[in-house]
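Numbering (my numbering), first residue to last: 3 to 241. A virtual CB, placed ideally from N, CA and C, is assigned to each residue, including glycine. Quantities reported herein were computed from a predicted structural model and do not represent experimental measurements. For reference, the structure is listed below as structure tokens.
Have a look at this one:
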């Protein structure tokens with residue numbers, strides 16, 4: 003429900019159709035009212051049976067009685083992002099180095115929205131498409147936090163650095179913890195895929211490499227959990 007409602011009320015989204023059960027349509031009434039208040043043009047919802055939605059979607063998909071068909075959001079590039087944040091002294095961005103699981107990227111978008119990050123940067127290759135799985139995992143955050151795709155992550159980090167960002171890579175090899183840094187300026191948190199972590203070229207492009215203070219029998223976190231902890235820590239350090 004959350005990604006459907008968020009897309010419905012996002013002026014940047016072009017909505018083609020909405021299929022919903024009677025209960026699904028009822029659950030979306032607040033979103034319908036919010037869209038009307040904004041003056042957004044939206045199609046009428048088509049009422050269908052749950053079994054029809056089950057047939058339309060991949061096996062095992064959890065749809066909560068609603069499916070929305072929408073165009074992709076307008077693409078945002080690194081240059082657009084830098085221009086938008088030029089006058090902001092303390093913006094936070096998350097950059098992901100070949101994180102391929104759509105559930106992880108969606109969860110990171112959700113954490114980014116919750117803790118005030120301004121964008122999530124991913125690579126064109128070795129990153130998931132913006133599918134329903136990713137949108138559902140993001141729970142509406144896809145409408146609030148731009149997902150910026152770049153051809154070359156190292157070059158994108160250089161562009162951000164030239165526009166005042168400090169690139170902080172997270173890896174278990176970091177000599178100090180994130181909590182010991184001064185995080186008050188513009189910051190891009192750079193995180194790698196599980197297992198392989200940050201690539202060497204990406205690490206070399208970062209201004210510093212830090213770690214989270216994990217330990218015990220399980221010494222590492224899923225990348226989406228690590229992103230949530232890191233974003234919380236940055237938000238805490240800025241209070």
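Could you tell me which residues DSSP puts in a beta bridge with residue 3?
-> Note: residue 3 sits in no beta bridge, so no partner.
CB-CB under 8 Å to residue 80, same chain, minus the five flanking residues each way: which ones, in chain order?
-> 123, 150, 152, 158, 161 and 162
Strand pairing of residue 69, partner residues [DSSP] | 21
Just reading off the alpha helix (DSSP H) that residue 134 is part of, what are its end residues?
-> 134-140
Rounded to the nearest angstrom, how far is the Cβ of residue 193 from that of residue 240, given a contact under 8 Å?
-> Not quite, the Cβ-Cβ distance comes to about 19 Å (not below 8 Å), so this is no contact.
From what residue to what residue does the beta strand (DSSP E) around residue 193 run?
-> 189-194
For the beta strand (DSSP E) that residue 222 lies in, which residues bound it at each end?
-> Taken as a continuous stretch (DSSP letters only), residue 222 belongs to no beta strand (DSSP E), as it is neither H nor E.
Tell me whether residue 78 counts as near the ligand PLP, meaning its Cβ is closer than 8 Å to at least one heavy atom of that ligand.
-> The ligand content of the structure shown is nil, which means the ligand PLP is not present either.
Straight-line gap, residue 225 to residue 96 (C-alpha atoms, nearest Å) | 12 Å
Which residue comes first and which comes last in the beta strand (DSSP E) that contains residue 172?
-> 168-172
Cut-off 6 Å between Cβ atoms - residues of its own chain near residue 8, not counting five sequence neighbours on either side = 142 and 145
Rank 47, 115 and 197 by C-alpha distance to the C-alpha of residue 19 and give the top, closest one.
-> 47
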